[in-house]
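Going by the UniProt record's numbering, the sequence shown opens with residue 1, and the numbers climb by one from there.
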Amino acid sequence: MASGVLSHLKNFLHPHYVFNFILSVSFFFLKVTQPFCYMLFDDCTMEMREWELLTFLGCIIVLKNRKQLHFVFLPVPTYSGPEYITYFRGPNLQEELEHERRVTWLIEFYAAWSPQCVSFAPTFAELSAKYTLDNLRFGKMDASRYTSTAQGFKIDTSSWTKQLPTLILFQNGKEIRRRPAITPQGKVISKFVFSEENIIKDFELNELYLQCKKNPLKKDKKSNANKQHKENGKQKSE
Numbered sequence: 001m002a003s004g005v006l007s008h009l010k011n012f013l014h015p016h017y018v019f020n021f022i023l024s025v026s027f028f029f030l031k032v033t034q035p036f037c038y039m040l041f042d043d044c045t046m047e048m049r050e051w052e053l054l055t056f057l058g059c060i061i062v063l064k065n066r067k068q069l070h071f072v073f074l075p076v077p078t079y080s081g082p083e084y085i086t087y088f089r090g091p092n093l094q095e096e097l098e099h100e101r102r103v104t105w106l107i108e109f110y111a112a113w114s115p116q117c118v119s120f121a122p123t124f125a126e127l128s129a130k131y132t133l134d135n136l137r138f139g140k141m142d143a144s145r146y147t148s149t150a151q152g153f154k155i156d157t158s159s160w161t162k163q164l165p166t167l168i169l170f171q172n173g174k175e176i177r178r179r180p181a182i183t184p185q186g187k188v189i190s191k192f193v194f195s196e197e198n199i200i201k202d203f204e205l206n207e208l209y210l211q212c213k214k215n216p217l218k219k220d221k222k223s224n225a226n227k228q229h230k231e232n233g234k235q236k237s238e
C-alpha cells in the first residue's frame, strides 16, 4: 500500500507539476514574505478581498487558459511504458466477446475529455503489461465516441456522468463484475477509487491470472496446420 502511494507521489515530481505548483503559490509567497512584500506591495497581509480575487482568478485560469506556454513546453506527462491493450470500435466489442468466449476480457470504457480517465490511463496500461495472457486480455472503448454501444452496457456517457471510467470484467462473453457498481436502474452505488491496488483486489487479478495461466488456450489443429504450411512455404521461397 505504502509503495503504491509513493509511486503515485513520484509522478508529481515531473517539471509540469513542479512548475505549476510554483506558479500557484508565487503570489501568496511574495505577498506575505519579507522583503518581497514591501518591495512589491503596500503591506504584507492578505485581505479578504484579495482572497476572493484569487479564488475567482483560479477559476478563470482553469477554464480559459489551458494553452499557456507552460502547458505547451511542459505538458502533462504521459505514460511511455509498455501496454497490451486492444482498442475496440462500436459493435466490434460485442462481436469479439461472442466470437471467442474462452478469453477473459477486462474492458475500460473511457472518454478523452474526462480527467479521471486521463489520469487512470497509465495505471490500466501497467496492469495490461503485468497480467496479459492469451486468454486474459485488456481492452478499451471510447464511450464518448461510441455512445450507443456504451449505453448498451448501461454506461452513462453524459457530461455529468459518474460512470467514466468504467471497468467491466467479461468471462464466457458475459459480464461478471464492474466498477463502479451500479443499480439495475443504472445509478452508481458507491464511488470507486481507480488505483492499482483496488483494481487488483476487486477484480481478483492475481487469482484470475493464475487460473488463466493454468488453463491456456488450446490451439486447434487446423490453425496449427495452416501456420506450419505458411512457415514451410516461406522456407521454400527463401
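In this text, a Cβ means the ideal position worked out from N, Cα and C, and glycines have one as well.
- Ile168 places its beta carbon less than 8 Å from that of Arg178.
- The beta carbons of Val103 and Arg137 sit about 6 Å from each other, so the pair counts as a contact at 8 Å.
- Relative to the Cα of Ile176, the nearest Cα in the group Leu106, Asn135, Pro216 and Leu164 belongs to Leu106.
- Nearest in C-alpha terms to Cys212, of all of Leu30, Asn172, Pro184 and Asn20, is Asn172.
- A Cβ-Cβ contact shorter than 8 Å links Pro165 with Glu108.
- Here the alpha carbons of Leu13 and Ile155 stand approximately 35 Å from one another.
- In the structure shown, Phe41 falls within a coil segment according to DSSP collapsed to helix, strand and coil.
- If you ignore the 5 residues before and after Thr55, its C-beta comes within less than 7 Å of no other C-beta in its own chain.
- The shortest C-alpha to C-alpha distance from Ser144 to any of Leu23, Ser114, Phe36 and Ala125 is the one to Ser114.
- Contact check for Leu57 against Thr149 fails: the beta carbons are separated by 8 Å or more.
- Beta-bridge analysis with DSSP links Gln171 to Lys174.
- DSSP places Asp202 within a helical segment (H, G or I) once states are collapsed to three.
- The alpha-carbon of Leu30 is positioned some 47 Å away from that of Met141.
- If you ignore the 5 residues before and after Lys191, its C-beta comes within less than 8 Å of the C-beta of Lys162 and Pro180, all in its own chain and listed in chain order.
- Excluding residues up to 5 positions away in sequence, Leu30 lie with their Cβ nearer than 7 Å to the Cβ of Leu40 in the same chain.
- Secondary structure at Glu108: strand, using DSSP grouped into helix, strand and coil.
- In the three-state scheme derived from DSSP, where H, G and I count as helix and E and B as strand, Arg89 is classed as coil.
- The Cβ-Cβ distance between Gly139 and Phe88 falls below 8 Å.
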